[in-house]
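Novice: Residue 55 in full-length UniProt numbering sits at position 55 of the sequence shown; the count goes up by one each step and never skips. The beta carbon of each residue, even a glycine, is placed where N, CA and C say it ideally should be. Being a predicted model, the structure only gives us computed values, none of them experimental.
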Amino acid sequence: MSTPVVKSSDMPEELQSKVFELSLIAVKKFTVEKEIANYLKKEMDALCGPMWHCIVGKNFGSYVTHGEYY
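1. Please state if the CB of Ala37 and the CB of Ile55 are separated by a distance shorter than 8 Å.
2. Consult DSSP for Asn38 and reduce its assignment to one of helix, strand or coil.
3. I'd like the list of long-range same chain contacts for Gly57, defined as Cβ closer than 8 Å, with 5 residues on each side in sequence excluded.
4. Check Cys48 in the structure and name its three-state DSSP category.
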């Protein structure tokens, strides 16, 4: 498995570390991308409050906006 690479972020480093940790758990626990995304979304909602979006996949395009520091 490859190491996560952050190209741009305004998320606090502690939160990024938690996301990486949860991501590793998710890919060990699930094989279906939708299940991985669902797990991460629920964990982040529980940790930081609702409104998280989680996208998991290899080949797609997207455009998303976010609140500062999240």
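Specialist: Reading it off the structure:
1. In the sequence shown, residue 55 corresponds to position 55, counting from 1. In the sequence shown, residue 37 corresponds to position 37, counting from 1. Yes. Within cutoff.
2. Translated into the one-based positions of the sequence shown, residue 38 becomes position 38. In the structure shown, Asn38 sits in a helix (DSSP, three-state: H, G or I).
3. For this step, residue 57 is matched to residue 57 along the sequence shown. Correct list, in chain order: Glu33.
4. Along the sequence shown, read from residue 1 onward, the residue named residue 48 stands at position 48. Here Cys48 sits in helix by DSSP.
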